[in-house]
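These notes concern the structure reproduced below.
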Amino acid sequence: MPFYQLDEELLFPPVEHALTDPDGLLATGGDLSPARLLLAYREGIFPWYSPGEPILWWSPDPRAVLYPAEVHVSRSLHKILKKHPYRVTLNHAFAQVIRACTERDEGTWIGDDIVAAYSRLHQAGRAHSVEVWDDTALVGGLYGLNTGSLFCGESMFSRVSNGSKIAFMTFFAHFTGHGGAMFDCQILNHYTESLGAREIPRRTFIRQLYQLRDNHLPQSCWQPQTLARPVPSQLPPFL
135 MPFYQLDEEL LFPPVEHALT DPDGLLATGG DLSPARLLLA YREGIFPWYS PGEPILWWSP
195 DPRAVLYPAE VHVSRSLHKI LKKHPYRVTL NHAFAQVIRA CTERDEGTWI GDDIVAAYSR
255 LHQAGRAHSV EVWDDTALVG GLYGLNTGSL FCGESMFSRV SNGSKIAFMT FFAHFTGHGG
315 AMFDCQILNH YTESLGAREI PRRTFIRQLY QLRDNHLPQS CWQPQTLARP VPSQLPPFL
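Under the working numbering, think of the first position of the sequence shown as 135, with each following residue one higher.
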């Protein structure tokens, strides 16, 4: 398969042309404009590269996804969600969240250009953040962007025990309560697998993405707000 060099045209090659080694590498170049990023996510493509490298675009096969009906919630996490002392908000501090994600060992790929690009998407109402607060201290959170009724998670962080899980599960209840249908985890890791994510063939993911990407959720889903603590009926039974 050829390795594609993007130019100024807003166009990506078919994801079936992605390399198998390294898995999913589709193209290089282009830019991180809002128009290109939104087109990429609509086609199941995302940027992933380290600072100083050229922009690399990926569409791995298999793809890691999380379906609401398959989310895993342990007995201990149920107790944490019921009793934790934190306040959880949506779209209150995007800049702080994405900067906190860069401080993680796993967040070293989030360079200044990525921060700027996703901040522009946030200003356009397409990238979103979830924040966990201990009074005025930010202690956990995540960010990503929506494509219709699919949410593409990009990164999360935690400064207290289970801070990122509190962010995720609280947002999960909110997102699915507004009609959210699937989480795109991109590449499976131990953390997302522990939450119930699994791998599916890329062709299956693309087919489902095409079904979901124009299913727009109500604007009330994304307005800045304090998120309610999940009630048991909003969560799967504990394992």
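Every residue gets a Cβ at the ideal spot worked out from N, C-alpha and C, and that includes glycine.
The C-beta separation of A174 from F146 comes to about 6 Å, placing the pair in contact by the 8 Å criterion. According to the DSSP secondary-structure assignment, I334 is paired through a beta bridge with R197. Taking all protein chains shown into account, D239 has fewer than 16 neighbouring C-beta atoms within 10 Å of its C-beta and is therefore exposed.
Per the Cβ contact rule, the segment 258–269 is not in contact with the segment 180–200 (fewer than 3 Cβ pairs under 8 Å). For a cut-off of 8 Å, the C-beta gap from L322 to A198 is around 4 Å, short enough to register as a contact. DSSP, reduced to helix, strand and coil, places F291 within a strand of the structure shown. Annotation: the continuous beta strand (DSSP E) that includes V222 extends over R221 to L224. In this structure Y220 is buried. Its beta-carbon is surrounded by 16 or more other beta-carbon atoms within 10 angstroms.
The segment 268–284 makes no contact with the segment 161–170; the number of CB pairs closer than 8 Å stays below 3. Counting along the chain, V273 sits inside the beta strand (DSSP E) bounded by residues A271 to T281.
Cβ neighbours of F339 within its own chain (closer than 7 Å, five residues either side excluded): G178, R197 and V199. Boundaries of the alpha helix (DSSP H) harbouring L255: D246 to Q257, taken from the DSSP string. Here E187 is exposed: its Cβ has fewer than 16 other Cβ atoms, across all protein chains shown, within 10 Å. In this structure, the straight-line span from the alpha carbon of T304 to that of R332 is close to 20 Å. Shown here, F339 sits in a helix according to DSSP, grouped into three states. At the C-beta level, G297 and D318 stay beyond 8 Å of one another.
For the set L215, V207 and L153, the Cα lying nearest the Cα of S328 is the one of V207. For T304, the uninterrupted alpha helix (DSSP H) run begins and ends at G297 to G311, by DSSP. Check the Cα spacing between A169 and each of R254, P335, C355 and H312: the tightest is with R254.
Between P185 and G245, the C-beta spacing is below 8 Å. It is roughly 34 Å from the alpha-carbon of Q359 to the alpha-carbon of I189. Under the criterion of beta carbons closer than 8 Å, G274 and R293 qualify as touching, at roughly 6 Å.
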